[in-house]
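Numbers 429 to 867, taken from my numbering, label the letters of the first sequence in order. Where a beta carbon is used, it is the ideal one built from N, C-alpha and C, also for glycine. Please read these numbers as outputs of a predicted model, since none were measured by experiment. Structure, as C-alpha cells:
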Amino acid sequence: MRLSRYFLPTLKETPSDAQIVSHKLMLRAGLIKQEAAGIYAWLPLGLKVLKKIEQIVREEMNRAGAVEILMPTLQLADLWRESGRYDDYGQEMLRITDRHKRDLLYGPTAEEVVTDIFRAFVRSYRDLPMNLYNIQWKFRDEVRPRFGVMRGREFLMKDAYSFDIDEASARKAYNRMFVAYLNLFERMGLKAVPMRADTGPIGGDLSHEFIILADTGESQVFCHKDLVEMGAPGPDVDWDNLEGHVEKRTALYAATEEMHDQARFERETSTDQRLSARGIEVGHIFYFGEKYSRPMKAMITGPDGVERPAQMGSYGVGVSRLLGAIIEASHDDKGIIWPESVAPFDLALINLRPGDEACDAACEKAYAALQAAGRDVLYDETDDRPGAKFARTELVGIPWSMVVGPKGLAEGNVELRNRRTGETSTAAFDSVLDGLIKG
RNA sequence: CGGGGCGUAGCGCAGCCUGGUAGCGCAUCUGCUUUGGGAGCAGAGGGUCGCAAGUUCGAAUCUUGCCGCCCCGACCA
429 MRLSRYFLPT LKETPSDAQI VSHKLMLRAG LIKQEAAGIY AWLPLGLKVL KKIEQIVREE
489 MNRAGAVEIL MPTLQLADLW RESGRYDDYG QEMLRITDRH KRDLLYGPTA EEVVTDIFRA
549 FVRSYRDLPM NLYNIQWKFR DEVRPRFGVM RGREFLMKDA YSFDIDEASA RKAYNRMFVA
609 YLNLFERMGL KAVPMRADTG PIGGDLSHEF IILADTGESQ VFCHKDLVEM GAPGPDVDWD
669 NLEGHVEKRT ALYAATEEMH DQARFERETS TDQRLSARGI EVGHIFYFGE KYSRPMKAMI
729 TGPDGVERPA QMGSYGVGVS RLLGAIIEAS HDDKGIIWPE SVAPFDLALI NLRPGDEACD
789 AACEKAYAAL QAAGRDVLYD ETDDRPGAKF ARTELVGIPW SMVVGPKGLA EGNVELRNRR
849 TGETSTAAFD SVLDGLIKG
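Next comes the structure, spelled out in C-alpha cells:
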C-alpha cells in the first residue's frame, strides 16, 4: 500500500476524551473514530488489526473442533421470554420494536439463538459433542462506557457454545476451549492467565476468566507467579485428553478481586511466588449445564433411549477489546508496538527522499519484490520530512521498517529498524531485502 | 443511576468571573526555501461559540431548560 493513497489519519495531539493509553493511541494512530459513547467506526488500520485478531481466534476455534456459524445481531424477544431472561436482563439490553410492533433486541449474547438453532436440528447423542461459534457484533447498553474499545457498548465478540450429552463430556468440551484460549492468546503475543471465576447459581469449578496483566487493567488480580510464564500447550496436543494441561494451570492459585481469598492465597503460595497485579479480562469460559436447554426444550436422546436437556457451556472472547488490551500490554512513549501476528502491516518501506532518482528506483524495486513475496508493505512515499515519517511509523507500531535514504544508498546501503527493540542495522540493499523476503 | 466536569475552526486550548468587532498553537491551502527525528519564512481560507428560550440597546460571556461527551463510584465481555 502506498501511503499517499491510503487513509491513515494520525493525530499529533491526543483528543481530550481519551484517558487510558490504549484509547489515546488508537485515536492518534488512526485506528478508530468515536461515533457515540462506546460506539466506534473502524478506520483502515484498525480494521486490519481487528481482522487479524479475528482470524487467529477463528483458526484456533476451528482447530479445537468448533464450527463457525453467523447469528443475527437482532434477535426476537420471544426467545428471551422462553429462557426467562427478557425481563431479567435489564436496561443493558437494547430493545427495539419493528413496524409490526414485534419486540426485538440487539443481541448482547446469543445463548437463546444458538439453543434455538440446536433444538431445531439435533435430537440424538450421536450428533454430539457439538460446538458452534460465531464472531459477531454485540451490543450492551452500558450505563457508562469507557476506556475506548475496552469497554464500549458495541463490541465484536467471539462466542462459542458447546452441547454435550452429559457432564463428563461437557467437561471435555470445556477443556478444549480452555486450551484453545491459551493458544490463541499466545499467538497474539499475550500472556493470559486463567483465573477462577464466579459460577453463580450453577456452582462447580467450571468457569474461568482469562486475564492479561497490564498496569492499567480494570481489576486487581492475584496469582502464583509461575502461571504468568507458563506457555500455552500449543496446537499439537491430544484434543481428547487435555485434563493434564488444564489441571497444571488450575492447580496454582489465581483469582480476580471478586473471587480472591487472601488467607488461601497466603496458604497456597510462598511470599516470593505471590503476584498481585492489574488485569484485563479478555476471555471467559463457562459451563452452565441445562440453564437454557431445559426451559427452551433442547432435548437429546441418549444411548439409553432417555431424553434429557443438552449440557451446555459458553465461551467468549472480546475480539474488539483485544486491540485495547494488546496495546495496553505492548506500547512505549512513541506509540503502539504490535506483535507481528496482529500488526496491520508486516513492514514499512520508508523513502526518505521521494523525487531522488536513486531512492525512488530502490524503493520501487523493494516494494515490488516484497509484495511479490507476499509481504504486506506500507510504502511511505509521501514528501513529509524524515522525522515525521519516523514518528508516524513508530506511532502506528509497524514491526519493521526498511529505511531508504540518499546517503546510505550512495554506499549501496539501507537501514533496517525493529520497532520493539529500536535496533537499527545498516546493510547492503540486497541483503536487507532478501532478509525481509525470507521473513 | 448517584456525584463531578466539559461543549468556542479538523485537533488541542484561551476568552466567560467583570456583557461591547471571536483569538492562539497544531493541522489545511498558496509561494519560496528546506530535506536522516513531527521544518522555516510570507500569505490565505475556515466558527450561526452544542441546541432552545429568557434578561439586555447589545450575550461565547448572565439565567433557565434540553442534548452530547468525559471522569469518580455502583455494574459488566
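What residue from the options has the CA that sits closest to residue i's CA?
i	options	result
residue 458	449, 558, 471	471
residue 749	477, 773, 833	477
residue 688	648, 507, 600, 464	648
residue 702	720, 652, 668	652
residue 517	536, 499, 527, 789	536
residue 664	608, 712, 655	608
residue 866	803, 816, 823	803
residue 834	758, 858, 855, 784	784
residue 474	493, 504, 435	435
residue 621	705, 864, 467	705
residue 644	845, 574, 859	574
residue 801	439, 829, 863, 680	863
residue 597	772, 765, 432, 668	668
residue 738	824, 555, 849	555
residue 599	715, 860, 527, 584	715
residue 578	468, 650, 673, 595	468
Identify the continuous beta strand (DSSP E) that holds residue i and give its terminal residues.
i	result
residue 648	647 to 652
residue 503	502 to 504
residue 739	739 to 746
residue 525	522 to 525
residue 482	Not the beta strand (DSSP E): residue 482 falls in the alpha helix (DSSP H), residues 472 to 491.
residue 821	Where residue 821 is concerned, there is no enclosing beta strand (DSSP E), although the alpha helix (DSSP H) it sits in stretches over 814 to 824.
residue 673	Taken as a continuous stretch (DSSP letters only), residue 673 belongs to no beta strand (DSSP E), being part of the alpha helix (DSSP H) at 671 to 678.
residue 567	558 to 567
residue 623	620 to 624
Using a 10 Å radius around the Cβ and a threshold of 16 neighbouring Cβ atoms, would you call residue i buried or exposed?
i	result
residue 449	buried
residue 763	buried
residue 529	exposed
residue 611	buried
residue 779	buried
residue 496	exposed
residue 587	buried
residue 692	exposed
residue 817	buried
residue 776	buried
Determine the direct distance from the alpha carbon of residue j to that of residue i, and round the result to whole angstroms.
i	j	result
residue 751	residue 734	46 Å
residue 576	residue 447	9 Å
residue 722	residue 513	14 Å
residue 676	residue 606	12 Å
residue 499	residue 567	14 Å
residue 797	residue 502	46 Å
residue 839	residue 853	14 Å
residue 698	residue 758	29 Å
residue 851	residue 793	24 Å
residue 732	residue 460	55 Å
residue 591	residue 633	18 Å
residue 707	residue 787	46 Å
residue 487	residue 562	12 Å
residue 824	residue 549	47 Å
residue 521	residue 534	7 Å
residue 728	residue 565	30 Å
residue 700	residue 654	11 Å
residue 584	residue 430	29 Å
residue 769	residue 826	11 Å
residue 557	residue 717	14 Å
What does a CB cutoff of less than 8 Å around residue i pick up in its chain, not counting 5 residues either side in sequence?
i	result
residue 525	531, 532
residue 671	603
Within the continuous alpha helix (DSSP H) that includes residue i, where are the two ends?
i	result
residue 451	449 to 456
residue 543	539 to 549
In chain order, what residues of the same chain lie with their CB nearer than 7 Å to the CB of residue i, ignoring the 5 residues before and after it?
i	result
residue 507	540, 541, 544
residue 686	626
Say yes only if the C-beta of residue i is nearer than 7 Å to one or more non-hydrogen atoms of the ligand SAM, and no if none qualify.
i	result
residue 494	Ligands displayed in this structure: none; no statement on the ligand SAM is therefore possible.
Here's a check: name, in chain order, each residue in its chain whose Cβ is nearer than 6 Å to the Cβ of residue i, leaving out the five neighbours to either side.
i	result
residue 782	809, 811
residue 711	609, 638, 745
residue 547	726
residue 523	533
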